[in-house]
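All residue numbers for the sequence shown refer to the numbering used here, where the first residue is 12 and numbers rise by one. By construction, the Cβ of each residue, glycine as well, lies at the ideal position given by its N, Cα and C atoms. One structure below.
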Amino acid sequence: MKTVTVRDLVVGEGAPKIIVSLMGKTITDVKSEALAYREADFDILEWRVDHFANVTTAESVLEAAGAIREIITDKPLLFTFRSAKEGGEQALTTEQYIALNRAAVDSGLVDMIDLELFTGDDEVKATVGYAHQHNVAVIMSNHDFHKTPAAEEIVQRLRKMQELGADIPKIAVMPQTKADVLTLLTATVEMQERYADRPIITMSMSKTGVISRLAGEVFGSAATFGAVKKASAPGQISVADLRTVLTILHQA
């Protein structure tokens, strides 16, 4: 399986990489969060742009991205607008969403963008191609905050992301039962062993699913999300605790 290298960070080998999310509403918030994150132990900084109030003003978005990059200079920066329908804070039209991601790519400030699988195949494929022309990696994602689909459906979605050119397919689902967590882990193993030719990221959310955030190296998930301050999704644990557990499992 091929790995993905972003700013000297190799995703897909060794222990799962830790991603943390920055969620400031204003440029002042974004700067203060970035400063607070500077001492934290993580691998990738995700900027959740859907939390940013001025998201429809390109100049403000790029000013904030520049501020983050000035403060966190050495970590890969992942640019993510999470749509309202997949658990995000705001809604954009498809045209606005694609334009926002293309502006991020054009800026030269971000290393990765997150594209949601269900944006539309043609739009996604074209934007993946555009990102790759500018040496920006693509995490393609899908989130279900209500349920856990069948393992076959989870695998199918991850395979579709791979077909559409994602560098890293990602899926997050909500368990209603303990068995749902096993469904997600089973799908992860099947995808990783039978179909994946690149790193994947999977997780079962909430407290019930927390094992999936810790045991990625065992089952085949290449990265996990941790919290520096406020969790960006249910079930996240602190980066310090996360690093301890990931290291224990890696060295076992």
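For residue i, which of helix, strand or coil comes out of DSSP?
i      : result
GLN247 : coil
ALA114 : helix
PHE236 : strand
MET172 : helix
ILE10  : The structure shown has nothing for residue 10, since the chain only spans 12 to 263.
SER215 : strand
ASP178 : coil
ASP155 : strand
THR258 : helix
ASP85  : coil
GLY220 : coil
ALA263 : coil
ALA162 : helix
What are the boundary residues of the alpha helix (DSSP H) that includes residue i?
i      : result
PHE129 : Per DSSP, PHE129 belongs to no alpha helix (DSSP H) and is neither H nor E.
ALA207 : That residue, ALA207, is in no alpha helix (DSSP H); it is neither H nor E in DSSP.
Between residue i and residue j, what straight-line distance do the alpha-carbon atoms span, to the nearest angstrom?
i      : j      : result
MET185 : LYS158 : 5 angstroms
THR68  : ILE259 : 44 angstroms
ASP132 : ARG49  : 37 angstroms
ILE38  : ASP19  : 28 angstroms
ASN146 : ASP122 : 8 angstroms
THR197 : GLY231 : 10 angstroms
ILE30  : THR84  : 15 angstroms
ARG59  : GLY35  : 8 angstroms
THR91  : SER32  : 9 angstroms
ARG168 : GLY23  : 19 angstroms
GLY99  : ILE182 : 15 angstroms
VAL17  : MET216 : 26 angstroms
THR105 : TYR141 : 16 angstroms
THR14  : ASP155 : 26 angstroms
HIS62  : SER43  : 15 angstroms
Would you mind reading off the limits of the beta strand (DSSP E) that contains residue i?
i      : result
VAL229 : No beta strand (DSSP E) holds VAL229; the alpha helix (DSSP H) holding it covers 227 to 230.
THR188 : Per DSSP, THR188 belongs to no beta strand (DSSP E) and is neither H nor E.
PHE90  : 88 to 91
Per DSSP, residue i is paired with what?
i      : result
ALA148 : MET123
SER94  : GLN101
VAL15  : VAL22
Mind checking whether the beta-carbon of residue i lies closer than 7 angstroms to any heavy atom of the ligand HEM?
i      : result
VAL139 : In the structure shown, the ligand HEM is absent, as is every other ligand, since no ligand is present at all.
In chain order, what are the residue ranges of uninterrupted alpha helix (DSSP H) at least 4 long that sit wholly in the region 18 to 81?
38 to 48
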